[in-house]
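This report concerns only the one structure given below.
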Amino acid sequence: MKEWWKNAVVYQIYPRSFKDSNGDGIGDLQGIIQKLDYLEELGIDVIWLSPVYDSPNDDNGYDVRHYHKIMKEFGTMDDFDELLENVHKKGMRLIMDLVVNHTSDEHDWFRSRPDMYIWRDKPNNWRSFFGGSAWQYDEARGQYYLHLFSKKQPDLNWEKEGVRQAIYAMMRWWLDKGIDGFRMDVINMLSKDQRFPDGPAGDGTAYFINGPKIHHYLKEMNDEVLCHYDIVTVGETPQTGPEEGLRYTSPESRELNMIFTFEHMGVDQELGNKWQPRTYSLVELRKILEKWQSAFQEKGWNSLYWNNHDQPRSVSRFGDDHVYRVESAKMLATCLFFMRGTPFIYQGEELGMTNIQYEGIEKYKDIETLNHYHEQRKQGRSHEKIMQEIYRRGRDNARTPMQWTSGPNAGFTTGVPWIDINSNYRSINTESRHHPQSIFAYYQALISLRKKLPVLIAGDFMLFHKEDEEVFAYERKTETEHLIVYCNFSTNTRSFEQPDGEVLIGNYSKPARGKRLTLRPYEALVFYRQ
Ligand code: ISL
Ligand code: CA
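So in the working numbering the end of the sequence shown lands on 537, straight run, no missing numbers.
Here it is in structure tokens:
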């Protein structure tokens, strides 16, 4: 099918934390191969692999040292080829992470072809996303280089034809191997305003997010590479609104198929500061999602996600990770899966895995978290206060190892895991997946519904009860099908007029009795009629 990715469900693997096959405590490619049956059982269509390229792991692989080599901890290129072959044999597809805003400072280009990077005699005031200045002085050269992320992630200079051609050649190399597309890391940051002006309080985003030449670069990339293959592309685009989003994803733009928007991920924080909590209402969250749903009604296509390797676990964030963990995990999945777009599942989400709280900072591994901690300690803030921020938003929440079994190390490794396993693995793991009431079984059902009902792809999206503080309700409609989704985001029991149609799926084993529609805590119910 043309645009097969509209019907697909994607599963993101963070390889370091997925499955260790050789006991060194680090997940690897052979581990993924061992678990392909599991993914087939779940029913997903596409695997997105976070970076597996050779890397010194300053940012867990998002600092690429060699684009054509596999990170030695993860295996070899033979392992990769074996993985790809096995994925295809199962009728699934595999997309790779494409990290081309920056490389590792250990990439050969940084020494042998420094002109591929961005150099200035004097730094401006831009701050890096991981704290401190975005500029690093290089003694030998007597100049500063730009790094929007860690100082071991120098930004490539996309102004240079040679840089662009080198990246396109690298992309062709992987596509010719047979991979099925790319998730493109911070792809909307490639083009920097060449005047490099200071930003307000060091915030330079106005000068490199959706920068002056970004659409030109992506059209060129599409022309030279993407359009020659039957693939899917998803651009990661922080701080991007729907209008710009449409420019990236409208078919006539000839750029990307989908983007990851971040607007809903920012709902519980102060603007531009992920560490600063903000209370939000369901009304607000829903407004954001509706805005994107309606903006992409005619053209473009949404990605749908609650989780990834940078975000806290959704059940801890938008649900209840104690009493109603199972119900709220299923409710969140319901809410997401029936919207218009391609759903993305992050490893462990199908088990309702939760956030982590380590006591000591030394248990944490993420560079963003560690930099934040040390920066804040220097400013005199207390350990306890900073840890509270890390518990809420730290990226390691998503990076604890996959919980396969109730046995030693959750069946993730026979060795010492690179990061501590969440102690709740004894009750939260894949062993219970065959139970009909498991979260896993519920995901299986949702995935198969997505294949069956054309309304999920074609249907319009419309909200009900727009001002309700607790219940998220919407309908999807074509001329022949009608679907109504009710999701209770609260612990209160609520009642509504009974909608027409059969119950298609729900997250409680038995529907509540009565003439009216009753929604118990975190209950989700979907109605369908033709
Ligand atoms: O503002 C941010 C950081 O606090 C985020 O929106 C940031 O832009 C986003 O996390 C970018 O993420 C991607 O690129 C990073 C990498 O560390 C992440 O893991 C990756 O998903 C640098 O490559
Ligand atoms: Ca290993």
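Glycine included, C-beta positions come from ideal geometry on N, C-alpha and C.
Legend entry - Environment of PRO4 [buried if 16+ CB atoms lie within 10 Å]: This structure does not reach residue 4, given that the chain is present from 8 up to 537, and the question cannot be answered.
Legend entry - Nearest-angstrom Cα separation, counted from GLY38 out to ILE397: Here residue 397 refers to the residue found at position 390 when the sequence shown is read from its first residue. Here residue 38 refers to the residue found at position 31 when the sequence shown is read from its first residue. Approximately 29 Å, taken between the alpha carbons.
Legend entry - Between the CA atoms of LYS281 and GLU438 - distance to the nearest angstrom: Position 431 of the sequence shown, counting from 1, holds the residue named residue 438. Position 274 of the sequence shown, counting from 1, holds the residue named residue 281. Rounded to whole angstroms, GLU438 to LYS281 spans 35 Å at the Cα level.
Inset, instruction - Name the residue from THR110, HIS271, HIS381 whose alpha carbon lies nearest to the alpha carbon of HIS75. - result: Position 68 of the sequence shown, counted from the start, is the residue given in the question as residue 75. Checked all of THR110, HIS271, HIS381; the closest Cα to HIS75 is THR110.
Legend entry - SER28 beta carbon near ligand 2 (any heavy atom closer than 7 Å): Locating residue 28 in the sequence shown gives position 21, where the first residue counts as 1. Distances between the C-beta of SER28 and the heavy atoms of ligand 2 include at least one below 7 Å.
Inset, instruction - Find out if the Cβ-Cβ distance for the pair GLU334, TYR529 is shorter than 8 Å. - result: Position 327 of the sequence shown, counted from the first residue, corresponds to residue 334. Position 522 of the sequence shown, counted from the first residue, corresponds to residue 529. Going by C-beta atoms, GLU334 is nearer than 8 Å to TYR529.
Inset, instruction - For the alpha helix (DSSP H) holding MET551, just list the boundary residues, first then last. - result: The chain is shown from 8 up to 537; residue 551 falls before or after that span and cannot be answered.
Inset, instruction - Starting from ASN280, follow the beta strand (DSSP E) in both directions and report where the run begins and ends. - result: Here residue 280 refers to the residue found at position 273 when the sequence shown is read from its first residue. Per DSSP, ASN280 belongs to the beta strand (DSSP E) from 280-284.
Legend entry - Any non-hydrogen atom of ligand 1 closer than 7 Å to ASP162 Cβ: Residue 162 sits at position 155 when you count from the first residue of the sequence shown. No - ligand 1 has no heavy atom lying nearer than 7 Å to the Cβ of ASP162.
Legend entry - GLU539 Cβ short of 7 Å to ligand 1 heavy atom set: Given that the chain is displayed from residue 8 to residue 537, the structure contains no residue 539 and the question cannot be resolved.
Legend entry - Contacts around ASP507, its chain only, beta-carbon distance under 6 Å, and the 5 residues preceding and following it disregarded: Along the sequence shown, one-based indexing puts residue 507 at 500. Counting only Cβ-Cβ distances below 6 Å, and skipping sequence neighbours, we find ARG536.
Inset, instruction - Evaluate the contact criterion for the segment 304-311 versus the segment 321-333: three or more CB pairs, one atom per stretch, below 8 Å. - result: no
Legend entry - Where ARG134 sits in the DSSP three-state scheme: Here residue 134 refers to the residue found at position 127 when the sequence shown is read from its first residue. For ARG134, the secondary structure class from DSSP, reduced to helix, strand or coil, is strand.
Legend entry - Nearest-angstrom Cα separation, counted from GLY50 out to LEU377: Taking the first residue of the sequence shown as position 1, residue 377 is located at position 370. Taking the first residue of the sequence shown as position 1, residue 50 is located at position 43. Each residue's Cα considered, the two are about 37 Å apart.
Inset, instruction - Can you grab the Cα-Cα spacing for the pair GLY68 / LEU463, in whole Å? - result: If you number the sequence shown from 1, residue 68 lands on position 61. If you number the sequence shown from 1, residue 463 lands on position 456. Distance between the alpha carbons of GLY68 and LEU463: 35 Å.
Inset, instruction - Return yes when at least one heavy atom of ligand 1 lies under 7 Å from the C-beta of TYR69, else no. - result: For this step, residue 69 is matched to residue 62 along the sequence shown. Placement of the Cβ of TYR69 at a distance of less than 7 Å from at least one heavy atom of ligand 1 is found.
Inset, instruction - Using the Cα positions of VAL193 and GLY279, report the straight-line distance between them to the nearest angstrom. - result: As a working mapping, residue 193 is identified with position 186 in the sequence shown. As a working mapping, residue 279 is identified with position 272 in the sequence shown. Looking at the two C-alpha atoms, the distance is approximately 16 Å.
Inset, instruction - Rounded to whole angstroms, what's the CA-CA distance from MET272 to TRP181? Just pull it up for me. - result: The residue labelled residue 272 in the question sits at position 265 within the sequence shown. The residue labelled residue 181 in the question sits at position 174 within the sequence shown. The alpha-carbon atoms of MET272 and TRP181 are separated by roughly 31 Å.
Legend entry - Cβ pair count under 8 Å reaching 3, the segment 334-351 against the segment 365-376: no
Inset, instruction - Please confirm whether VAL232 and ASN264 have their CB atoms less than 8 Å apart. - result: Along the sequence shown, read from residue 1 onward, the residue named residue 232 stands at position 225. Along the sequence shown, read from residue 1 onward, the residue named residue 264 stands at position 257. Their beta carbons are not under 8 Å apart, which means VAL232 does not touch ASN264 by this criterion.
Inset, instruction - Tell me whether ASP31 counts as near ligand 2, meaning its Cβ is closer than 7 Å to at least one heavy atom of that ligand. - result: Residue mapping note: residue 31 aligns to position 24 of the sequence shown, counting from 1. Because some heavy atom of ligand 2 lies under 7 Å away, the Cβ of ASP31 counts as near it: yes.
Inset, instruction - On a CA-only basis, which of GLY466, GLU357, ARG190, MET123 is nearest GLY242? Give me that one, please. - result: Within the sequence shown, the letter at position 235 stands for residue 242. Nearest of GLY466, GLU357, ARG190, MET123 to GLY242, Cα basis: ARG190.
Legend entry - Any non-hydrogen atom of ligand 1 within 7 Å of LYS372 CB: As a first step, residue 372 must be located in the sequence shown, where it is residue number 365. No, since every heavy atom of ligand 1 falls outside the 7 Å radius drawn around the Cβ of LYS372.
Inset, instruction - Might you give, ordered along the chain, the residues of its own chain that have their beta carbon closer than 8 Å to the beta carbon of LYS298, omitting 5 neighbours on each side? - result: For the purposes of this step, residue 298 is taken as the residue at position 291 of the sequence shown. Hits under 8 Å: PRO249, GLU270.
Inset, instruction - Could you tell me if the beta carbon of ASP25 falls within a distance shorter than 7 Å of some heavy atom in ligand 1? - result: Start at 1 with the first residue of the sequence shown, and residue 25 comes out as number 18. Going by the sequence as given, residue 25 is Phe instead of Asp. No - ligand 1 has no heavy atom lying nearer than 7 Å to the Cβ of PHE25.
Legend entry - Helix, strand or coil at GLU438 according to DSSP, with G and I counted as helix: Taking the first residue of the sequence shown as position 1, residue 438 is located at position 431. Looking at GLU438 - three-state DSSP - the assignment turns out to be helix.
Legend entry - Coarse secondary structure for ARG127, derived from DSSP in three states: Taking the sequence shown and counting its residues from 1, the one referred to as residue 127 is at position 120. ARG127: strand per DSSP, three-state reduction.
Inset, instruction - Please name the residue in ARG384, ILE40, ARG400 whose C-alpha comes closest to that of GLU92. - result: Looking up residue 92 in the sequence shown gives position 85. With distances taken between Cα atoms, GLU92 lies closest to ILE40.
Inset, instruction - Using only the heavy atoms of ligand 1, determine whether one of them is closer than 7 Å to the beta carbon of LYS159. - result: Along the sequence shown, read from residue 1 onward, the residue named residue 159 stands at position 152. Because no heavy atom of ligand 1 lies under 7 Å away, the Cβ of LYS159 does not count as near it: no.
Inset, instruction - Run the proximity test for GLY418: is its beta-carbon closer than 7 Å to any non-hydrogen atom belonging to ligand 2? - result: Within the sequence shown, numbered from 1, the residue matching residue 418 stands at position 411. Result no, Cβ not under 7 Å from ligand 2.
Inset, instruction - With DSSP collapsed to three states, give me the class of GLU80. - result: Indexing the sequence shown from 1 puts residue 80 at position 73. Coil, per DSSP.
Inset, instruction - Could you have a look at ASP162 and say whether DSSP puts it in helix, strand or coil? - result: As a first step, residue 162 is located in the sequence shown; it is residue number 155 there, counting from the start. If DSSP states are grouped into helix, strand and coil, ASP162 belongs with the strands.
Legend entry - the segment 352-369 in contact with the segment 428-447 per 3-pair CB rule at 8 Å: By the Cβ rule, the segment 352-369 counts as touching the segment 428-447, because three or more pairs are nearer than 8 Å.
Inset, instruction - Per DSSP, which residues does LYS484 bridge with? Please list them. - result: Here residue 484 corresponds to residue number 477 of the sequence shown, with the count starting at 1. Answer is ASP467, HIS489.
Inset, instruction - May I have the straight-line CA-CA distance separating PHE447 from CYS342, to the nearest angstrom? - result: The residue given as residue 447 occupies position 440 in the sequence shown. The residue given as residue 342 occupies position 335 in the sequence shown. Their Cα atoms are separated by approximately 16 Å.
Inset, instruction - Report buried or exposed for VAL478, applying the criterion of at least 16 other Cβ atoms within 10 angstroms of its Cβ. - result: As a position in the sequence shown, residue 478 is number 471, starting the count at 1. Classification for VAL478: buried.
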